[in-house]
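This report refers to the structure that appears directly beneath it.
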Amino acid sequence: MVAYTRIQSVAVIEVATGGLAFAGFVFTVLLIDRVIDRHVVWDAIGPGAMPGVEAGEIIDCLECGLIAPVSAAGALCPRCAATLHRRKPDSLQRTAALGAAAFLLYIPANLLPILRIVRFGRDDPATIFSGVRELLAIGLWPLAVIVFTASIVIPLIKLTGLTWFLVAIRLGVTRRVMARTRLYRFIEGIGRWSNIDVFMLSILVALVQFGSLTRVEAEPGAVAFAGVVVLTMLASRAFDARLMWDRVEDRA
Amino acid sequence: MSEDSEVHIRRSRIVMLVWLVPVAAFLAVAWIGYRTFASRGPVITITFLSGDGLEAGHTKLRHRNVDIGTVKSVVLSRDMSHVEVTATLEHQVGDRATVNSRFWIVRPRLSAASITGLSTLVSGAYIEMDPGQPGQATEHFIGLEDPPVVDMEDVPGSHFILHAEDLASLDRGSPLYFRGIKVGEVLGYTLSQDTEHADIFIYVRTPYDRLVRADTHFWNVSGFSVSAGATGLRASTRSLEALVAGGVAFSTPDAAMAEPVSEKGAEFRLFNDQETADQQPVGPVLTVSYLAYFPGTVQGLQPGAAVDLLGMRIGQVTDVHLDFNASDGSLRAPVTFAIDPKLLPIAVGQSESSAETVNHMMDRLVAQGLRARLASGSLLTGQRLVNLDFIPDTPEAAIAYGAPVPQIPTVGSTDLDTLSASANQLMSKLANLPLAEIGTGLHNIVAHIDQATAGPEIARSIKALDRSLANLDAIASQANKEVGPTLASLHRTADAADQTLEAAQRLMGSGGDRSRDLPALVHELTDTARSVRVLTDYLDQHPEALVLGRAGAAK
Chain A
1 MVAYTRIQSV
11 AVIEVATGGL
21 AFAGFVFTVL
31 LIDRVIDRHV
41 VWDAIGPGAM
51 PGVEAGEIID
61 CLECGLIAPV
71 SAAGALCPRC
81 AATLHRRKPD
91 SLQRTAALGA
101 AAFLLYIPAN
111 LLPILRIVRF
121 GRDDPATIFS
131 GVRELLAIGL
141 WPLAVIVFTA
151 SIVIPLIKLT
161 GLTWFLVAIR
171 LGVTRRVMAR
181 TRLYRFIEGI
191 GRWSNIDVFM
201 LSILVALVQF
211 GSLTRVEAEP
221 GAVAFAGVVV
231 LTMLASRAFD
241 ARLMWDRVED
251 RA
Chain B
253 MSEDSEVHIR
263 RSRIVMLVWL
273 VPVAAFLAVA
283 WIGYRTFASR
293 GPVITITFLS
303 GDGLEAGHTK
313 LRHRNVDIGT
323 VKSVVLSRDM
333 SHVEVTATLE
343 HQVGDRATVN
353 SRFWIVRPRL
363 SAASITGLST
373 LVSGAYIEMD
383 PGQPGQATEH
393 FIGLEDPPVV
403 DMEDVPGSHF
413 ILHAEDLASL
423 DRGSPLYFRG
433 IKVGEVLGYT
443 LSQDTEHADI
453 FIYVRTPYDR
463 LVRADTHFWN
473 VSGFSVSAGA
483 TGLRASTRSL
493 EALVAGGVAF
503 STPDAAMAEP
513 VSEKGAEFRL
523 FNDQETADQQ
533 PVGPVLTVSY
543 LAYFPGTVQG
553 LQPGAAVDLL
563 GMRIGQVTDV
573 HLDFNASDGS
583 LRAPVTFAID
593 PKLLPIAVGQ
603 SESSAETVNH
613 MMDRLVAQGL
623 RARLASGSLL
633 TGQRLVNLDF
643 IPDTPEAAIA
653 YGAPVPQIPT
663 VGSTDLDTLS
673 ASANQLMSKL
683 ANLPLAEIGT
693 GLHNIVAHID
703 QATAGPEIAR
713 SIKALDRSLA
723 NLDAIASQAN
733 KEVGPTLASL
743 HRTADAADQT
753 LEAAQRLMGS
763 GGDRSRDLPA
773 LVHELTDTAR
783 SVRVLTDYLD
793 QHPEALVLGR
803 AGAAK
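Protein chains in written order, with this note's numbering: chain A, 1 to 252; chain B, 253 to 807.
Structure representation (structure tokens):
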């Protein structure tokens with residue numbers, strides 16, 4: 001969106017048939033993703049439970065939702081061949097490590113320019129924040145809010161959220177565990193959407209190459225930003241929300 | 253248990269690997285941070301009168317078209333009298349921002365000679381930095397409003413300073429020509445300290461700067477010049493570029509090529525045209541000045557007009573002005589002219605004594621009748637010049653040596669202007685004559701004659717005359733018959749006379765000195781000429797004498 005408006009200022013862009021078809025395709029895929037029930041698919045592939053799940057503690061496969069007795073931990077899932085775990089392995093360590101890396105990259109991602117528009121030989125580097133400010137300056141404040149939220153606020157929410165989870169588990173805090181669970185779900189769901197900026201940027205850099213007239217070049221900030229998005233996704237994926245509930249059980 | 257611990261060890265290794273990610277991230281961030289920090293140069297402040305075209309965060313600082321910094325903020329000063337521009341310089345040029353550095357804003361400049369900064373039309377203005385010589389580092393600068401007269405390091409050459417009375421149409425970038433080849437340009441100009449001249453800074457490219465010697469003459473070839481001098485009308489232009497943008501040309505006389513090459517920054521005079529420049533002497537200018545009071549008007553005589561000796565140019569008029577003597581109420585126009593001793597056929601040393609040598613020569617010439625007079629240089633333009641010539645039979649005169657310059661004796665001019673003025677006076681006198689009364693008088697006389705001829709005496713006289721003529725006719729026809737023999741005898745007589753003369757010549761041939769008579773003859777002729785001149789001079793001043801006779805005689 002931001003990219004589109006920025007290009008509009010230097011060139012006229014018309015969406016052709018292929019573009020419309022692609023948009024339709026993406027939208028349909030999104031719909032399918034939304035309406036499909038994975039359990040139905042997996043149940044069609046094989047039985048949803050291992051023998052011996054009737055008695056005692058059970059665990060489930062993280063990939064296909066197969067139910068197995070806790071003794072099967074470490075073995076491979078008979079249905080999807082993923083390793084079965086009681087909890088995600090080294091969840092806290094991995095989340096902490098990836099989160100810390102993301103935190104570090106968050107700094108240059110916001111301080112360094114993410115792209116540079118070379119217009120008529122005039123260099124115009126832009127950081128995320130300067131982009132937001134520019135949008136505000138030309139009165140596109142709804143867009144400014146979107147960019148500000150998606151590129152600055154959400155990564156920050158993800159990082160602070162994960163930190164909160166880790167600290168809470170470490171200290172054995174059980175209060176507001178419901179709120180934390182909801183936040184985790186939100187983080188998991190929104191995670192990949194932050195990367196849309198990176199994808200747009202890559203398209204922009206490839207498309208806007210009008211020689212000396214206008215050129216868009218990616219800057220180191222973009223790499224850092226992509227790193228932040230990918231690392232926070234991996235961190236939230238490595239995190240096991242059930243650990244928070246384990247503390248509740250411990251307390252009980 | 254052993255299996256468990258093995259699994260545990262393997263897991264802890266994986267965990268260790270996971271922690272490599274933040275370590276790598278930290279290293280990357282630290283490196284980027286270091287690079288950003290290290291490449292950051294000093295923050296400088298530049299003040300300009302106007303922030304036209306400057307944008308915070310976008311406008312660049314450049315040197316030789318390479319970005320060396322970025323403008324961070326453009327704000328008004330507290331008293332709102334100027335604009336303060338804050339900019340960060342890049343690390344590698346940070347230490348070159350010294351007290352010698354200069355900054356100016358590059359905007360599109362369209363002058364007749366060139367179009368510069370065209371790229372800034374689309375890319376916007378930028379601030380050019382000229383680092384200058386290394387020196388004391390500073391952070392506050394005062395920006396130049398106009399691009400400075402830069403010492404172009406990338407184009408080898410020399411700069412010189414020209415002093416001109418008038419800038420004319422010269423401008424920054426006006427071309428400089430040597431024999432029509434563009435060898436440099438005008439870098440800029442300024443008014444001299446004493447406001448007497450325009451100081452013009454020029455730049456001559458190598459190797460042409462070697463052509464500039466102490467006696468190189470510079471002149472203005474700006475525009476289209478029409479000059480009307482004693483030699484007539486001249487129109488010239490150097491090139492289309494010079495026509496539009498003005499220009500300077502220079503030449504170095506052969507004699508001046510022996511002089512050493514001029515130092516950079518040497519100062520020269522800029523002449524208005526090539527003619528004036530060419531007339532400048534080579535070598536030290538040492539002239540001898542004389543003063544002359546010409547009778548009558550000095551109209552058409554200007555400073556710079558030629559001074560001729562027997563038609564050869566030997567100097568020029570330096571000053572003409574009016575002089576009123578309050579004690580006796582006389583008004584005169586003293587003309588000062590300078591003679592260049594080098595143009596005189598005498599050996600003159602380069603010393604103060606040369607004036608004496610010239611004075612001595614002039615003394616002798618004046619004693620022989622040399623006088624200064626005004627002459628017409630050009631009938632077309634009315635230009636006049638000072639002519640030094642021998643005037644025969646002038647009253648004795650000598651050079652008057654008084655302060656400040658010697659005064660040379662003069663005679664009135666006899667040129668066309670004076671003649672036409674006399675003719676004018678004559679015409680006005682004629683116009684005042686009582687022509688109508690004279691006409692009436694004449695008419696009366698004719699009427700009287702008419703009456704007289706109408707009488708019978710006249711008729712008788714005519715008849716008598718008729719008879720006399722008839723008689724005369726008869727005598728003539730008789731004489732006619734005798735004319736032939738008479739003529740033949742006359743021939744013989746003439747031949748005899750010839751022989752007699754020849755004999756006389758032979759007689760006088762040895763000791764005869766007929767040439768003794770010649771000076772007397774010439775003297776008489778001269779006397780005659782003088783009388784004629786006296787007459788014309790008298791008529792000149794008293795044309796009425798033509799009609800009324802000499803004033804003295806009348807009274």
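Glycine is no exception: its CB is placed at the ideal position from the N, C-alpha and C atoms.
Runs of the alpha helix (DSSP H) lying entirely within the segment 21–61 of chain A, each at least 4 residues long, are 38–45 in chain order. DSSP places residue 439 (chain B) in the strand class (E or B) of the three-state scheme. Here the alpha carbon of residue 315 (chain B) sits roughly 29 angstroms from the alpha carbon of residue 414 (chain B).
With a threshold of 16 other beta carbon atoms within 10 Å, residue 232 (chain A) meets it and is buried. Residue 608 (chain B) is not bridged by DSSP to any residue.
For a Cβ distance threshold of 8 angstroms, nothing in chain B lies close to residue 240 (chain A): the least Cβ distance comes to about 14 angstroms. Contact check for residue 553 (chain B) against residue 636 (chain B) passes: the beta carbons are separated by less than 8 angstroms. Residue 304 (chain B) sits exposed, since fewer than 16 C-beta atoms from the chains shown fall within 10 Å of its C-beta. The way I'd put it, the segment 289–307 of chain B doesn't touch the segment 125–133 of chain A; fewer than three beta-carbon pairs between them come closer than 8 angstroms.
Residue state for residue 653 (chain B) is assigned as coil, using DSSP reduced to three classes.
Within the model, the alpha-carbon separation for residue 280 (chain B) versus residue 229 (chain A) is close to 16 angstroms.
The beta carbon of residue 532 (chain B) sits closer than 6 angstroms to those of 469, all from its chain and outside the five residues before and after it, given in chain order. The DSSP-derived three-state label of residue 794 (chain B) is coil. When CB distances to chain B are screened at a threshold of 7 angstroms, the residues of the segment 87–111 of chain A falling below it are 89, 90, 93, 94, 97, 98, 100, 101, 104, 105, 107 and 108, in chain order.
When the Cα atoms are used, residue 473 (chain B) and residue 608 (chain B) turn out to be separated by approximately 39 angstroms. In this structure, the beta-carbon distance from residue 379 (chain B) to residue 345 (chain B) does not fall below 8 angstroms. Ranked by how close their Cα comes to the Cα of residue 297 (chain B), the residues B:330, B:336 and B:701 have B:336 in first place.
Remark: C-beta atoms of residue 651 (chain B) and residue 658 (chain B) approach each other more closely than 8 angstroms. Here the alpha carbon of residue 17 (chain A) sits roughly 20 angstroms from the alpha carbon of residue 200 (chain A). Interface annotation, residue 284 (chain B): in contact with chain A, CB-CB separation under 8 angstroms.
Rounded to whole angstroms, the Cβ separation of residue 355 (chain B) and residue 301 (chain B) is 13 angstroms, and the two are not in contact under 8 angstroms. Around the beta-carbon of residue 471 (chain B), 16 or more other beta-carbon atoms lie within 10 Å, marking it buried. The C-beta of residue 220 (chain A) comes closer than 8 angstroms to at least one C-beta of chain B. Contact check for residue 117 (chain A) against residue 216 (chain A) passes: the beta carbons are separated by less than 8 angstroms. Residues of the same chain with a CB within less than 7 angstroms of the CB of residue 649 (chain B), apart from the 5 flanking positions on each side, are 618 and 661 in chain order. Below 8 angstroms, enough C-beta pairs join the segment 346–353 of chain B and the segment 380–393 of chain B to call them touching: three or more. Here the alpha carbon of residue 611 (chain B) sits roughly 11 angstroms from the alpha carbon of residue 539 (chain B). For the C-beta of residue 274 (chain B), the chain A residues within less than 7 angstroms are, from N- to C-terminus, 97, 100, 101 and 104.
Excluding the 5 residues flanking it on each side, residue 62 (chain A) has no same chain C-beta neighbour closer than 6 angstroms. Distance from the CA atom of residue 508 (chain B) to the CA atom of residue 588 (chain B), rounded to whole angstroms, is 28 angstroms. In this structure, DSSP gives residue 700 (chain B) a helical state, which the three-state scheme calls helix. Interface residue (Cβ-Cβ distance to chain A less than 8 angstroms): residue 339 (chain B) is not classified as such. Annotated as proximal: residue 234 (chain A) and residue 98 (chain A), with beta-carbon spacing under 8 angstroms. For residue 278 (chain B), the neighbours in chain A by C-beta distance under 7 angstroms run, in chain order, 104. The beta carbon of residue 461 (chain B) lies closer than 7 angstroms to those of 409 and 410 in the same chain, with the five residues before and after it left out. Against chain A, a Cβ distance below 7 angstroms from residue 281 (chain B) picks out 104, 105, 107 and 108.
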